[in-house]
Amino acid sequence: MVKKNEQNFEQKMKALKEIVSTLEKEGTEIDRAIELYQKGLKLSKELKEQLNGFEDKIKKISKDNK
Amino acid sequence: MNQLTVTTLVRYLKNKIDLDPNLQRIKVNGEISNFHKHFTGHLYFSLKDETSSINCVMFKTSASLLKFEPKNGDKVILSANTSIFESTGQLQLYVTKIELDGQGDLYQQYEILKKRLENNGIFNDEHKITLKKEYIENVAVLVGDNSAAMSDIKTTFSRRWPICNVDYYPVLVQGKDAPKQIISQLQKVDKLGYDAIILARGGGSFEDLFCFNDEELVMTIYSLNTYIITGIGHEQDFTLCDFVADKRAATPTASVELITPNLKDVKETINESAALIKNNVHKLITTLQLNFDLYSEKLSNFNSEINKYNTIIDSLKNKMLNSVNKIILQNKSDIKRFATLLEAYSYQNTLKRGYSLVKQNNDVIKSSKKIKKDVFEVIFYDGKIKAKGV
Numbered sequence: 001m002v003k004k005n006e007q008n009f010e011q012k013m014k015a016l017k018e019i020v021s022t023l024e025k026e027g028t029e030i031d032r033a034i035e036l037y038q039k040g041l042k043l044s045k046e047l048k049e050q051l052n053g054f055e056d057k058i059k060k061i062s063k064d065n066k
Numbered sequence: 067m068n069q070l071t072v073t074t075l076v077r078y079l080k081n082k083i084d085l086d087p088n089l090q091r092i093k094v095n096g097e098i099s100n101f102h103k104h105f106t107g108h109l110y111f112s113l114k115d116e117t118s119s120i121n122c123v124m125f126k127t128s129a130s131l132l133k134f135e136p137k138n139g140d141k142v143i144l145s146a147n148t149s150i151f152e153s154t155g156q157l158q159l160y161v162t163k164i165e166l167d168g169q170g171d172l173y174q175q176y177e178i179l180k181k182r183l184e185n186n187g188i189f190n191d192e193h194k195i196t197l198k199k200e201y202i203e204n205v206a207v208l209v210g211d212n213s214a215a216m217s218d219i220k221t222t223f224s225r226r227w228p229i230c231n232v233d234y235y236p237v238l239v240q241g242k243d244a245p246k247q248i249i250s251q252l253q254k255v256d257k258l259g260y261d262a263i264i265l266a267r268g269g270g271s272f273e274d275l276f277c278f279n280d281e282e283l284v285m286t287i288y289s290l291n292t293y294i295i296t297g298i299g300h301e302q303d304f305t306l307c308d309f310v311a312d313k314r315a316a317t318p319t320a321s322v323e324l325i326t327p328n329l330k331d332v333k334e335t336i337n338e339s340a341a342l343i344k345n346n347v348h349k350l351i352t353t354l355q356l357n358f359d360l361y362s363e364k365l366s367n368f369n370s371e372i373n374k375y376n377t378i379i380d381s382l383k384n385k386m387l388n389s390v391n392k393i394i395l396q397n398k399s400d401i402k403r404f405a406t407l408l409e410a411y412s413y414q415n416t417l418k419r420g421y422s423l424v425k426q427n428n429d430v431i432k433s434s435k436k437i438k439k440d441v442f443e444v445i446f447y448d449g450k451i452k453a454k455g456v
């Protein structure tokens with residue numbers, strides 16, 4: 001289960017990096033750029049949420065096992 | 067007739083006897099009576115037979131070499147010198163050695179039987195059983211009823227291993243009827259499932275212990291299924307039963323000591339084991355603690371990994387925002403450029419038709435009233451000139 005989530009996280013990270021590099025490339029159309037930006041923000045929000053989840057999980061595990 | 071003093075007479079007799087080779091370095095056999103051991107270590111007794119008796123003395127130096135304790139009734143052969151004790155005028159034997167009479171024969175019998183049994187492999191180790199239990203539970207003891215050996219055995223059991231069940235089977239331990247009785251008791255207890263049998267007897271002369279050299283008894287012990295230990299006589303006594311038994315102890319007390327653990331030792335072992343267990347558990351906990359610390363560190367590393375990702379995501383977000391802003395800016399400036407162009411194209415065609423455009427300070431002058439008396443621009447479709455109002 002955890003492994004699958006981690007893969008998802010990695011995949012999302014990869015997607016986000018691709019979006020940034022596409023945006024940084026010259027000649028990206030603005031419609032496409034806005035679309036990508038929207039997608040990128042959504043991805044980064046999800047990634048942050050996932051990271052928070054990891055953090056909470058670690059805290060809980062540490063507390064439970066103290 | 068000569069008149070003599072007592073001293074002279076006694077001295078004369080003493081000399082006569084001392085110098086008579088038939089009375090010196092002689093061997094005399096008889097039975098000991100009136101035995102008395104003086105506190106100085108000298109032995110005083112009488113040697114008698116059916117009709118006569120003679121006083122005997124054995125000085126400490128010779129007595130200390132004796133291999134047994136002489137007692138009244140012992141049939142013995144004395145090595146002695148004859149002499150007279152001057153103070154009392156008494157004739158006595160000065161004993162240098164005492165041997166038990168009859169031992170010679172018995173000892174020969176013993177040696178012959180021992181040799182034969184030995185040659186038949188009866189004493190071989192491969193026939194011996196080992197005691198299977200470290201903490202023995204049931205023991206049968208064959209010993210003389212109310213004997214010192216029995217009380218020694220009881221004391222030793224209660225001192226060392228009181229939780230053991232001990233059953234006593236009193237038997238004769240001396241004389242010609244003893245072997246038969248011991249054999250029948252051994253055969254009985256062998257079927258009762260004891261962990262061990264003790265066959266014991268206190269100290270005694272070679273003759274006293276001779277019943278333990280009985281061939282039938284030896285063969286019975288040989289064929290026992292139960293572990294048997296003997297504790298017969300003292301350290302120096304070896305009977306044929308000792309040779310055939312699974313184990314030989316020097317004394318009745320030692321026979322118990324050899325098959326029982328010492329309660330004190332067992333308690334100590336238990337305490338030591340408990341301490342060891344406690345120690346090991348402590349060690350284990352410490353190891354686990356160390357492991358935990360290690361994992362905790364790894365976990366906090368993992369936390370910093372999360373922070374790293376957070377930073378990366380933030381920077382990617384910034385990059386995105388920058389890029390998007392740049393693209394928007396680019397588009398804005400494009401739009402502006404296109405607007406200017408469009409504007410330009412919108413009046414160019416009018417100018418071609420013969421109109422011109424007046425501009426002053428970059429403003430298009432739409433009314434003559436708006437023009438200032440200064441230099442202004444007139445723009446034609448193919449160029450522009452500067453002019454001045456008149």
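Residue numbers (my numbering), protein chains in the order written: chain A, 1 to 66; chain P, 67 to 456.
C-beta atoms are modelled at their ideal positions from N, C-alpha and C, and glycine is treated no differently.
Everything numeric in this text was worked out from a predicted model, so none of it was measured.
Cross-chain neighbours of residue i in chain A, by beta carbon under 8 angstroms
i: Tyr293 (chain P); result: Chain A residues near Tyr293 (chain P): none, gap ~56 angstroms exceeds 8 angstroms.
i: Lys385 (chain P); result: Val20, Leu23 and Glu24
i: Ser399 (chain P); result: The contacting residues do not exist; Ser399 (chain P) stays about 12 angstroms from chain A at best.
i: Val424 (chain P); result: Neighbours of Val424 (chain P) on chain A: none; closest Cβ ~39 angstroms, over 8 angstroms.
i: Ser362 (chain P); result: Ser62
Simplified DSSP state of residue i, which is helix, strand or coil
i: Lys242 (chain P); result: coil
i: Leu131 (chain P); result: coil
i: Leu43 (chain A); result: helix
i: Cys307 (chain P); result: helix
i: Pro236 (chain P); result: strand
i: Tyr160 (chain P); result: strand
i: Glu6 (chain A); result: Confidence is the limiting factor: at Glu6 (chain A) the pLDDT is only 48, short of 50, which leaves the residue's position unreliable, though a coordinate-based value still follows. Reduced to three states, the DSSP call for Glu6 (chain A) is helix.
i: Asp84 (chain P); result: helix
i: Ser399 (chain P); result: helix
i: Thr196 (chain P); result: coil
i: Ser39 (chain P); result: The structure shown does not extend to residue 39 (chain P), since chain P spans only 67 to 456, so no value can be given for it.
i: Asp191 (chain P); result: helix
i: Ser433 (chain P); result: coil
i: Phe105 (chain P); result: coil
i: Met1 (chain A); result: Confidence at Met1 (chain A) is low in this model, with a pLDDT of 41, below 50, so its placement is unreliable and the value that follows should be read with caution. Three-state DSSP puts Met1 (chain A) in coil, outside helix and strand.
Beta-carbon contacts of residue i that lie in its chain and below 8 angstroms, excluding the five residues immediately before and after
i: Met13 (chain A); result: Leu47
i: Phe442 (chain P); result: Val424, Lys425, Gln426, Ile431, Lys452, Ala453, Lys454 and Gly455
i: Arg77 (chain P); result: Glu152
Nonlocal neighbours in the same chain, by C-beta distance under 6 angstroms from residue i, ignoring five residues either side
i: Ala340 (chain P); result: none
i: Thr319 (chain P); result: Asp218 and Thr222
i: Lys52 (chain P); result: Missing from the structure shown is residue 52 (chain P); chain P here goes from 67 to 456 and no further.
i: Met1 (chain A); result: Because the pLDDT at Met1 (chain A) is just 41, under 50, the model does not fix this residue reliably, and the point stays unresolved.
Test item: CB-CB of residue i and residue j under 8 angstroms
i: Asp167 (chain P); j: Asn95 (chain P); result: yes
i: Leu23 (chain A); j: Leu43 (chain A); result: no
i: Thr286 (chain P); j: Gln253 (chain P); result: yes
i: Ala311 (chain P); j: Glu301 (chain P); result: no
i: Val284 (chain P); j: Arg267 (chain P); result: no
i: Val161 (chain P); j: Val123 (chain P); result: yes
i: Asn121 (chain P); j: Gln90 (chain P); result: no
i: Cys277 (chain P); j: Gly299 (chain P); result: no
i: Tyr235 (chain P); j: Gln251 (chain P); result: yes
i: Asn231 (chain P); j: Glu203 (chain P); result: yes
i: Ile393 (chain P); j: Thr28 (chain A); result: yes
i: Glu273 (chain P); j: Leu172 (chain P); result: yes
i: Ser145 (chain P); j: Lys126 (chain P); result: no
i: Asn376 (chain P); j: Leu51 (chain A); result: yes
i: Ile296 (chain P); j: Leu258 (chain P); result: First, the amino acid is wrong: residue 296 (chain P) is Thr here, not Ile. No. Outside cutoff.
i: Ile143 (chain P); j: Glu165 (chain P); result: yes
Close Cβ partners of residue i (< 7 angstroms) along its chain, the five nearest in sequence each way excluded
i: Glu281 (chain P); result: Leu179
i: Lys63 (chain A); result: none
i: Ser422 (chain P); result: Val444, Ile445 and Phe446
i: Ser112 (chain P); result: Ser99, Asn100, Ser119, Ile120, Asn121 and Cys122
i: Leu354 (chain P); result: none
Chain-ordered chain A contacts of residue i [CB-CB under 7 angstroms]
i: Leu382 (chain P); result: Leu16, Lys17, Val20 and Ser44
i: Val441 (chain P); result: The contacting residues do not exist; Val441 (chain P) stays about 43 angstroms from chain A at best.
i: Ser339 (chain P); result: Here the premise fails: no neighbours, minimum Cβ distance about 31 angstroms.
Per DSSP, cross-strand counterpart(s) of residue i
i: Thr73 (chain P); result: Paired residues: none, contrary to the question.
i: Leu208 (chain P); result: P:Tyr235 and P:Leu265
i: Phe446 (chain P); result: P:Gly449
i: Asn121 (chain P); result: P:Ser112 and P:Gln158
i: Thr296 (chain P); result: P:Leu265 and P:Arg314
i: Val142 (chain P); result: P:Gly96 and P:Leu166
i: Val424 (chain P); result: P:Val444
Partner residues on chain P for residue i, Cβ-Cβ distance less than 8 angstroms
i: Lys48 (chain A); result: Asn376 and Ile379
i: Glu55 (chain A); result: Asn369 and Ile372
Beta-carbon neighbours of residue i, restricted to chain D and to distances below 7 angstroms
i: Ile393 (chain P); result: No chain D is part of this structure, whose protein chains are labelled A and P.
Neighbour list for residue i in chain A, Cβ cutoff strictly below 9 angstroms
i: Val322 (chain P); result: None at all; the shortest Cβ gap to chain A is about 56 angstroms.
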